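Residue numbers for the sequence shown, in the UniProt record's numbering: 1 to 310.
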Amino acid sequence: MAVSTPPRRASRAPTEPGSARPPGRGRGLLARATLLLAVPAVVVLVVFFVVPALRLLWLSVTTPEPGLGNYTAILTDEVSLTVVLRTLGMAAIVTVVCLLVAYPYAYLMTIVSGRWRAVLLAVVLIPFWTSLMARTFAWVVLLQDNGLVNTVLGAVGIGPLRMLGTTAGVTVAMAQVMLPFVVLPVYTTMRGIDRKLVDAALSLGARPVAAFRQVYLPLSFPGVAAGATLVMVLSLGFYVTPSLVGSPQQSMLAQFISVQVNQLVNFGAAGALAVALLVVTLVLLGGVALLTRTRGTRSSAGAGVAGGLV
């Protein structure tokens, strides 16, 4: 008769005093390491962005004489005010054009097969392989009076039209440069939208256009807002394309600041214009962030209701 013996428990090695770490110690070390990793980026931002911005602010209120005269001149001087308004208008037009082209393009990327999606994505990314200067000079060649664009327009009986040195030419060239900055965030947002929400709206009797407008479009709003903000902010400070494709009648704020510094040596006015541009950008970013947060809350609530119907 076999006698069963109880299994032996594995003996634990005695822990040395001080070897056990408190639960929060690892988190503290990780937080410190993260802060240390962020130090180089913070130093670069402070040295190359914050300090120059403060320097511009100082020059704007001290040169050529102390006071707010440089800021008053922006609103009272006809040339300065015209350039500021033209810059805002051009940035808004380019943003709208990019949205009208990028939204259906991004939507097409979400419904085609994987192979065609890769092709469409490559078309968006290929312009990044060349420099901005090269792309702008290409538009100068295309928009000339005897360029390819006018040749095609003349063949169909529309042209030739004067494109180089016009607002239309600058808009087309800037929109081509800015288009990827709208396509990519909109496409990323669209890929995360559950198609069942639209199917649920259709099954409840909504028309396709109404389902798209009331369900799909609000859910894609974060990507639209992100892309529009990128294009608007970048367009406000655009320099190369308006300088080469446009004429003095299309001068924007960045070119006007360059004239103040390089030709007129008026650092006070240039600093005031740069600070005004920075303030407009910050106000724009704050407004878009607030609008996105409000629309995001409504979209989440609507998606939750629609998700319960699926």
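A virtual CB, placed ideally from N, CA and C, is assigned to each residue, including glycine. Note that the coordinates shown come from a computational prediction; the quantities given were computed from them, not determined experimentally.
Between the alpha carbons of A118 and I126 lies a gap of roughly 12 Å. In the pairwise beta carbon analysis, the segment 250-262 is classified as touching the segment 227-242: at least three pairs are separated by under 8 Å.
The closest CA to that of L219, considering only M190, V231 and A228, is found on M190. Rounded to the nearest whole angstrom, the C-alpha separation of L75 and V83 is 11 Å. Taking a contact to require three or more Cβ pairs closer than 8 Å, the segment 61-77 and the segment 147-156 do not qualify as touching. T34 counts as exposed, since fewer than 16 other C-beta atoms from the protein chains shown sit within 10 angstroms of its C-beta. Judged by their CB atoms, T63 and G268 are nearer to each other than the 8 Å cut-off. The residues L197, V198, A201 and A306, in chain order, have a CB closer than 7 Å to that of V215 in the same chain once the five nearest residues on each side in sequence are set aside. A contact is defined here as three or more CB-CB pairs under 8 Å, and the segment 105-117 fails this definition with respect to the segment 153-173.
For P64, the three-state secondary structure derived from DSSP is coil.
In the DSSP assignment, A118 falls within the alpha helix (DSSP H) that extends over G114 to L125.
With a contact defined as Cβ atoms closer than 8 Å, A225 and T292 qualify at about 5 Å. Using a Cβ distance threshold of 8 Å, V140 and L184 do not count as a contacting pair. Going by C-alpha positions, L277 is about 44 Å away from R207. In the structure shown, S247 adopts coil according to DSSP, grouped into three states. Rounded to the nearest angstrom, the gap between the Cα atoms of V233 and V177 is 13 Å.
Contact between G169 and L143 holds: CB atoms are separated by about 5 Å, below the 8 Å threshold.
In this structure, V186 sits away from A91, with a CB-CB distance that is not shorter than 8 Å.
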